[in-house]
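Its first residue numbered 1, the sequence shown is counted upward by one per residue in the numbering used here.
Okay, structure first, notes after.
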Amino acid sequence: MRQLFGYIFDWGESREGEFSFLEALQAAKLREIRAYDGPSETVSRRWVVIYFISRRPLLGEEPGALDAIHEFRYRLYVRVNTVTGSVILAASRYAITDAAIEVINRGVTPDLRRRVININEVVQHLFRRDVQQYAVTYLMADVPGYRPLVNTIAIHGEDIGTSNFLLEERQAFTARQLGVRAIRSRIECGRFGNSGSIQFNLDNSEALEKFLAYTYKNKFYIA
């Protein structure tokens, strides 16, 4: 299981046949970005693996001797959609992804601009009983109508949108994070936050991409 944490970005409009994001990244010749030369691993053909090089440990590793120059190499997974112009960057922790994005945006023009799914709108949509394509498996939401006794709720389940009490109270909360699965699958496509964050299993990346296509088709993006 390769659990990854990252974000969805825009990098201009559709760039099919033009200078791609990966080409721009290569042309920038950033010392922190290198080609992946590790052991082969099975990755969807749509994904590219590169190294992000950090001079400081991002996962709490021991830095070693004080007088030595250490490099910490982390895998960065990149998915470029040449049709929509979107880019996904993800790594094994948000700390790696965040550090890599900061470096990339200093060296590549234009900047990566985070795309944000309207999580609350998606939740309200999927909670409708006539929507059968995806089920909600995880929900974290603010419940301002019940403060100060209750501020936030977090619920797990196979299809929590079918719960009567949630259907009755769905207008009383504002979703912050959402997990979904395809109705015909028991595996989560991923989890999505209202800041543009995504968590997903790389081995199930095809399901993630299908759900993102679904959100794009239904215009569920704030930005």
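Yeah, the Cβ is synthetic: ideal placement off N, Cα and C, and Gly gets one too.
Practice item. Within 10 angstroms of the Cβ of L59, are there 16 or more other Cβ atoms? Answer buried if so, exposed if not. Key: By one-based count along the sequence shown, residue 59 stands at place 59. L59 should be labelled exposed.
Check your understanding: Can you list, in chain order, the residues of its chain whose CB lies under 7 angstroms from that of V123, leaving out five sequence neighbours each side?
Key -> Here the question's residue 123 lines up with position 123 in the sequence shown. Only V136, L139, A175, L178 meet the Cβ criterion.
Check your understanding: Assuming I33 and I198 make a contact with CB atoms under 8 angstroms, what is their CB distance in whole Å?
Key -> For the purposes of this step, residue 33 is taken as the residue at position 33 of the sequence shown. For the purposes of this step, residue 198 is taken as the residue at position 198 of the sequence shown. Their Cβ separation, rounded to whole angstroms, is 21 angstroms, which puts I33 and I198 out of contact at 8 angstroms.
Check your understanding: Which whole-angstrom value is the C-beta distance of Y74 and A90, which I expect to be below 8 angstroms?
Key -> Reading the sequence shown from its first residue, position 74 is the one you call residue 74. Reading the sequence shown from its first residue, position 90 is the one you call residue 90. Their Cβ separation, rounded to whole angstroms, is 11 angstroms, which puts Y74 and A90 out of contact at 8 angstroms.
Check your understanding: If you draw a straight line from the C-alpha of N118 to the C-alpha of A100, how long is it?
Key -> Translated into positions along the sequence shown, residue 118 becomes position 118. Translated into positions along the sequence shown, residue 100 becomes position 100. C-alpha separation (whole angstroms): 25 angstroms.
Review point. How long is the line joining the alpha carbons of E169 and F127, rounded to whole angstroms?
Key: One-based indexing of the sequence shown puts residue 169 at position 169. One-based indexing of the sequence shown puts residue 127 at position 127. About 11 angstroms.
Review point. Starting from Q106 and walking both ways along the alpha helix (DSSP H), at which residues does that stretch end?
Key: In the sequence shown, counting from the first residue as 1, residue 106 sits at position 106. The amino acid at residue 106 is misidentified as Gln; the sequence shows Arg. Its alpha helix (DSSP H) spans residues 94-107.
Exercise for review: Closer than 6 angstroms by C-beta to F72: which residues in its own chain qualify, once you throw out the five before and the five after it? Chain order, please.
Suggested key: As a working mapping, residue 72 is identified with position 72 in the sequence shown. Cβ neighbours of F72 beyond the five flanking positions: S54, P57.
**Study point:** V83 classed as buried or exposed, judged by whether at least 16 other C-beta atoms fall within 10 angstroms
**Key:** Working through the sequence shown from its first residue, we reach residue 83 at position 83. Exposed is the call here.
Practice item. Helix, strand or coil for E62, going by three-state DSSP, please let me know. Key: Residue mapping note: residue 62 aligns to position 62 of the sequence shown, counting from 1. Looking at E62 - three-state DSSP - the assignment turns out to be coil, as it is neither helix nor strand.
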